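FYI, in the working numbering the residues of the sequence shown are 212 to 876.
We treat Cβ as the ideally placed atom computed from N, Cα and C, and that holds for glycine.
For clarity, every value in this text was computed on a predicted model and none was experimentally measured.
Step one of this worksheet: look at the structure below.
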Amino acid sequence: MTPLGATITSEGIRFAAWSSSAHRLWVSIFDEQGNRELDRLELTPDGDGMHALFVSGLAVGARYGLRADGDYAPERGLWFDPDKLLTDPYAVEIDRPYAYHWRLAARRNEGADTASVMPKAVAKALPAAPPILPPLFRPGGLIYELNVRAFTKLHPDVPQEQRGTIAALAHPAIIEHLQRLGVSAVELMPVTASIDERHLPPLGLSNAWGYNPVTFMALDPRLAPGGLTELQDTVAALRRAGIGTILDLVFNHTGESDRLGPTLSLRGLDNQAYYRHRPDGVLVNDTGTGNTIACDHPVVREMVLDTLRHFVCQAGVDGFRFDLAPVLGRVDGMFDPEAPLLRAIIHDPVLCDRVLIAEPWDIGADGYQLGNFRPPFLEWNDRYRDDIRRFWRGDAGMVGALATRLAGSSDAFNVALGPASRSVNFIAAHDGMTLADIVSYERKHNGANGEQNRDGHNENLSWNNGTEGETHDAAITKARFDDQCALLATLFASRGTIMLTAGDEFGRTQKGNNNAYAQDNAITWLDWPARDQALERYASALAALRQAVPALSDTRFLTGQAVDGSDIPDVSWLTETGAPLNESDWNDSSRHRLVMLLGGDDGRLAVMINGDRRQCVFTLPARDGFLWRPAIETQAIDLLRPLPGRGVNFMIEGRTGNGGAGKGS
């Protein structure tokens, strides 16, 4: 099969594109600045929808775009218009960012040629491929989700010209921060080229998250001015520091949106094949963004696989997180965990050992699929997020749910598929309130988004500790600090992989905005000089403890049984008095206290959780010859105090989580 895209040879460039229903395809060649069309050359049909042409004399750096002609009948899903310059779906570089313009969405013969408002693909020789090494990340580690631009935009140690780029992630100050936090892998929110939704420019806003791609391989020039080499170099620098890289990729929709959206690439080449449609020709919208990629189409499936192989082979990434991942497994509209694309990813020789993470829901029929992806897929666990928030908010009857989440969420993940939890545990992510805002706002505050606060989730399972938003009240400030410590301690004590969103370790705030996708400004930019360093030290101490105690990063479900030849159970669930919880205790809706006693070869770890506002003395089981001691030094954070006696009694402040460890027990 002819390779798709632009293949560079010593004599010229071969262009190839696929369309099953276009009557004619052309490649438009532009000048070095990408402004003036120099030539328009028709591709030759090559069978099975392939169209190709070899153009002699062209060299590396040539700017180009595609055009297609055929029937124009949007009501039947046909959008052919040769006045629309189209980005090659296999482009690996574009010469400028996408910018929305009304002409991109104009009907045929109503908007003139769009070449002047479209980026041009750049025929690029790929950099020398790095060796394909095994992923550094292992399940049970800490994933650090970050927005590339927002993460370093205000970092005082990063050179001004590097701030907000992929290259900034390789700066020594950034790597030092990641290492201090015990990060196993960074998860980069989308770095491929995206376009603003059409309603944003009139509001003076832009898409800050990047979940609105046009094509899948080309990096956004604003995030990677150095192109693929910049990503490759940054991945290598992070790897030398012991940190893997995971790319968050969007294969569920594109920025071409609904029938009123722009024609940029796939729509103009073969809308009926690349996107799913209802029988009446209307675009399926399982994503909430206007269109849904037809991942069960063989050509689309191969394009997704080629994209994944591209980033593994050319950049050396550890793996991928898939946005709205059920779309990848939809066959004839319904989710199938054995869908051809999902099977192909798992069994592909290049991809089979990569880290694979699913966001296991979309908004279509049968769209909630938590626990239904097959190993080795890990899955974002929203039940974990919600139950942990409910417990620390003070909701009644949450002790059983808390224990289930701490133990790996065996209710959500089929134990028959393996003894290890595939849960990615998180309390806050890019989508929703920040960790600090969860304990500071009862309601969303999305007025800056221009939608009269109608957007974003209405129920955030959050609380404000007495007043909404900013305050100078010392008691409320302390309560919020303690609640953040409790949430972080719970996360770091949980079985499965854990995920922390950048800045939550030092109290970042979005002022209550729980849908900040359109805020490329101080609302989302991390304020490094103002970070809460006491909270950051506590998070780092928790990270060090998780790394030092194997029982914490072990991903096997907790069962209450002895494992690995030990005579100590992997977990015991105790009351604050040190007695095992009985059925009455589990069903006591007023209970807000719990001890998770973990067994291990290097000692036992007691995670004492006091979700009550009142302080309480916790008693741990005594054993001759052994002594309980605090597992981390809290320094200025006075959350746990050993009491006089045999070292088994600890005073735990209200609404906090902490731990104690006994050597050799």
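*Under the three-state reduction of DSSP, which class applies to GLU864: helix, strand or coil?*
coil
*Between GLN730, ALA762, GLY810 and GLY479, which lies nearest to ARG360 when the distance is taken from Cα to Cα?*
GLN730
*According to the Cβ coordinates, are PHE241 and LYS331 closer than 9 Å?*
yes
*Would a C-beta distance cut-off of 9 Å place SER705 and ASN798 closer than the cut-off?*
no
*Please report how far the alpha carbon of GLU679 lies from the alpha carbon of ASP481, in whole angstroms.*
50 Å
*Determine the direct distance from the alpha carbon of ALA263 to that of ASP257, and round the result to whole angstroms.*
7 Å
_Going by DSSP in three states, ILE377 sits in which element: helix, strand or coil?_
helix
*TRP591 to LEU249, Cα distance in whole Å?*
48 Å
*PHE588 and LEU562 look like a contact to me (Cβ under 8 Å); what is the Cβ gap, rounded to whole Å?*
So it is not a contact: roughly 12 Å between Cβ atoms.
*With DSSP run on the structure shown, which of helix, strand or coil describes ALA685?*
helix
_Suppose only complete runs of 3+ residues qualify. What are the beta strand (DSSP E) ranges in the stretch 571-631, listed by chain order?_
589-591
*asked:* So PHE291 and ALA228 are supposed to be a Cβ contact under 8 Å. How far apart are they, rounded?
replied: Between ALA228 and PHE291 the Cβ distance is about 13 Å, and since that is not below 8 Å, they are no contact.
*For my contact list, LEU252 and VAL266 are in at a C-beta cut-off of 8 Å; report their separation, rounded to the angstrom.*
6 Å
*If we ignore side chains and look at the alpha-carbon of each, how far apart do ALA435 and GLY822 end up?*
45 Å
*asked:* So within the stretch 517-570, which uninterrupted alpha helix (DSSP H) runs reach at least 4 residues, ignoring any that extend past its ends?
replied: 551-558
*Contact under 9 Å by Cβ, THR712 with HIS641*: yes
*Which term fits VAL626, buried or exposed, when burial requires 16 or more other beta carbons within 10 angstroms of its beta carbon?*
exposed
*Since LEU617 and MET819 are thought to touch, with beta carbons under 8 Å apart, how far apart are those beta carbons, to the nearest angstrom?*
About 12 Å separates the two Cβ atoms, so there is no contact after all.
*asked:* Is it buried or exposed, THR220, if we count other Cβ atoms within 10 angstroms and call 16 or more buried?
replied: exposed
_Sub-9 Å separation of PRO368 and ALA384 beta-carbons_ = Reading off the sequence, residue 368 comes out as Asp, not Pro. Their beta carbons are under 9 Å apart, which means ASP368 touches ALA384 by this criterion.
_Contacts around THR615, its chain only, beta-carbon distance under 8 Å, and the 5 residues preceding and following it disregarded_ = ASP598, SER621 and ASP622
*Under 9 Å between C-beta atoms, does GLY258 make it to chain B?*
No chain B appears in the structure shown, which is made up of a single protein chain.
*8 Å CB neighbourhood of LEU315 in its chain, flanking five on each side removed*: LYS295, GLY322, THR325, VAL328, MET329, PRO473, THR474 and LEU475
*Smallest Cα separation from PHE703: which of GLY438, VAL394, ASN246 and CYS506?*
VAL394
*Is the stretch 513-531 in contact with the stretch 550-559, if contact means three or more CB pairs nearer than 8 Å?*
yes
*asked:* With a threshold of 8 Å on Cβ separation, who are the neighbours of GLU286 within its own chain once the five nearest residues in sequence on each side are excluded?
replied: GLY492
*Return the bridge partner residues of THR403 from the DSSP annotation.*
LEU430
*Determine the closest residue to MET884 out of ALA745, GLU304, GLY723 and GLU222, with distance taken between C-alpha atoms.*
No statement about residue 884 is possible, as the shown extent of the chain runs from 212 to 876 and does not include it.
*Go through the stretch 654-742 residue by residue and report every complete run of the beta strand (DSSP E) that reaches 3 residues or more, in order.*
708-712
*Specify the secondary structure class of TRP237 as computed by DSSP and reduced to three states.*
strand
*Would you identify the three-state DSSP class for GLN846, choosing helix, strand or coil?*
Caution is warranted here: a pLDDT of 48 is assigned to GLN846, below 50, making its placement in the model unreliable, and the coordinate value is therefore given only provisionally. The answer is coil: DSSP assigns GLN846 none of H, G, I, E or B.
*Comparing alpha-carbon positions, which option in PHE546, ALA378, PHE829 and SER239 lies nearest LEU463?*
Leu is not the amino acid found at residue 463; the sequence shown has Asn there. Nearest of PHE546, ALA378, PHE829 and SER239 to ASN463, Cα basis: PHE546.
*Can you tell which of GLY281, ALA334, ALA284 and LEU269 has the C-alpha that lies nearest to the C-alpha of THR298?*
ALA334
*asked:* So, for ASP573: in the same chain, excluding its five sequence neighbours on each side, which residues have a beta-carbon less than 7 Å away from its beta-carbon?
replied: ASN463, ASP497, THR498, LEU535, PRO537 and VAL538
_Option nearest PRO878 by Cα separation, candidates LEU414, HIS803, VAL528 and SER632_ = Residue numbering for the chain in the displayed model covers 212 to 876; residue 878 lies beyond these limits and cannot be assessed.
*Taking the Cβ atom as the reference point for each residue, do LEU153 and PHE531 lie within a distance shorter than 9 Å?*
The requested residue 153 is not part of the displayed model; the chain covers only 212 to 876.
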